[in-house]
Amino acid sequence: MKTDTIRFFGRRKGKAITGIRAKMLEEWLPQLTPKIPARGKIKLSFGIKPEKLVLEVGFGGGEHLAELAKRNPMTGFLGAEVFLNGVASLMAHLNGSHQSGTGKLELEKERVDNIRIWPEDIRLLFDKLPDALFDEIYVLYPDPWPKKRHAQRRFINDENIPVLWRLLKPKGKVFLATDVAQYAEWAIQRMDESHLFNQIKKDTKTPPKGWISTRYEQKGLKAGRQPNYMIFQKKDKKVKKCLTNAKK
Ligand SMILES: C[S@@+](CC[C@H](N)C(=O)[O-])C[C@H]1O[C@@H](n2cnc3c(N)ncnc32)[C@H](O)[C@@H]1O
């Protein structure tokens, strides 16, 4: 995928970010954002030696990412979010941060350093991420784009599915949740027709064990919307011939 042709259609900014959140963005975000090499693939350089790697696309306010990272201190997490207010919210959830006596915000040296943040469209990073990097990829409540003519803007689409396949380790999993029935049906169909993934959770109405609810899910539940939970597992390399689309 050529990065200069990538267009993002969602919101990048909400209400003005001020005070401690603005400070967190200014002082911490550069420390937690991976540097993009001019050539070659990115190194995420966590403060831990990760046993597993997980990507969350569109982490929103970061509640899910922060809690998952806390529960799994030996896993490295890359979170991507375009909406800057969401990135600021994730910062506020990071454990092990404090304000020193001088008023300077500091990331605690002793904290579990297992989150890296990409405050941009994840597709801009695809070319820089090596094959078979992640054990799991979470796409929780992606923007639904309900109109048929906007369907290709949905994150789960024919262009991104082969990339998700490439980025996952053998038997790696995509966790997808949506409360838009039409999106769930579309995603299941697109994944099935790609021949790259098996849907391994057939009951879409109950959450997987240990599920961490997101802010968007909570809003939907209050409004009476029914979540759909899907898990897709990467098929093995016999299907590699289907991968003509998986551009690196
Ligand atoms: C409907 S919100 C859901 C947020 C969160 N996952 C939750 O469940 O509360 C979808 C989020 O995905 C982000 N997003 C959409 N496409 C993205 C992309 N290509 N890269 C990074 N973030 C993206 C949007 O900015 C938005 O915040």
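Residue numbers (this note's numbering): 2 to 249. Backbone N, C-alpha and C fix where the C-beta goes; we use that ideal spot for every residue, glycine too.
Tell me, to the nearest whole angstrom, how far the beta carbon of residue i is from that of residue j; I am working on the premise that it is less than 8 Å.
i, j, result
"Val113", "Ile162", "With 8 Å as the limit, Val113 and Ile162 do not qualify as a contact, their Cβ atoms being about 32 Å apart."
"Phe176", "Ile118", "The Cβ separation is near 19 Å, so there is no contact."
"Val58", "Val164", "Val58 to Val164, Cβ: 11 Å. No contact."
"Gly77", "Leu45", "6 Å"
"Thr179", "Pro208", "That belief does not hold up - the Cβ atoms of Thr179 and Pro208 are roughly 13 Å apart, past 8 Å."
Could you please give me the residues that DSSP links to residue i through a beta bridge?
i, result
"Ala178", "Leu141 and Tyr230"
"Thr76", "Lys53"
"Leu169", "Phe135"
"Phe198", "Lys235"
"Ala81", "Val58 and Trp119"
Tell me which same chain residues have a C-beta within less than 6 Å of the C-beta of residue i, skipping the five on either side of it?
i, result
"Gly15", "Asn86"
"Val88", "Glu82 and Pro120"
"Gly20", "none"
"Asp193", "none"
"Val181", "Pro145"
"Gln153", "none"
Report yes if the CB atom of residue i is closer than 8 Å to the CB atom of residue j, and no otherwise.
i, j, result
"Leu197", "Leu134", "no"
"Arg22", "Met92", "yes"
"Arg12", "Phe84", "yes"
"Gln183", "Pro228", "no"
"Leu26", "Ile18", "yes"
"Ile189", "Leu168", "no"
"Ile213", "Leu69", "yes"
Going along the chain, which residues of its own chain have a beta-carbon closer than 7 Å to the beta-carbon of residue i, five neighbours each way excluded?
i, result
"Gln234", "Lys172, Lys174, Phe198, Asn199 and Ile201"
"Arg150", "none"
"Ser1", "What is shown of the chain runs 2 to 249, which leaves residue 1 out entirely."
"Asp136", "Lys53, Leu54, Val55, Lys170 and Gly173"
"Ile123", "Val58 and Ala81"
"Asp237", "Pro171"
If you measure from the beta carbon of residue i to each beta carbon in chain D, is any gap under 8 Å?
i, result
"His196", "Of the protein chains in the structure, only one exists, and it is not chain D."
Residues in the same chain with beta-carbon distance under 8 Å from residue i, minus the five sequence neighbours each way, listed in chain order, please.
i, result
"Ala67", "Leu91, His94, Leu95, Asn96 and Ile116"
"Pro143", "Val58, Gly59, Arg155, Phe156, Ile157, Leu177, Thr179 and Tyr184"
"Lys249", "Confidence is the limiting factor: at Lys249 the pLDDT is only 48, short of 50, which leaves the residue's position unreliable, though a coordinate-based value still follows. For Lys249, where only same-chain residues beyond five positions count, the Cβ hits under 8 Å are Asp128, Asp132 and Arg167."
"Lys42", "Lys129, Leu130 and Pro131"
Relative to ligand 2, is the shortest distance from any of its heavy atoms to the C-beta of residue i smaller than 7 Å?
i, result
"Asp144", "Inclusion of ligand 2 in the displayed structure is not the case, the ligand content consisting of ligand 1 alone."
State whether the stretch 129 to 149 contacts the stretch 25 to 45, with contact taken as three or more CB pairs (one from each stretch) at a distance under 8 Å.
yes
When the Cβ atoms of the stretch 67 to 74 are set against those of the stretch 221 to 234, are three or more pairs found closer than 8 Å? no
Original post:
Does the count of Cβ pairs from the stretch 150 to 159 and the stretch 197 to 204 closer than 8 Å reach three?
Top reply: no
Under 8 Å: do the stretch 213 to 220 and the stretch 58 to 69 share three or more Cβ pairs, one atom per stretch? yes
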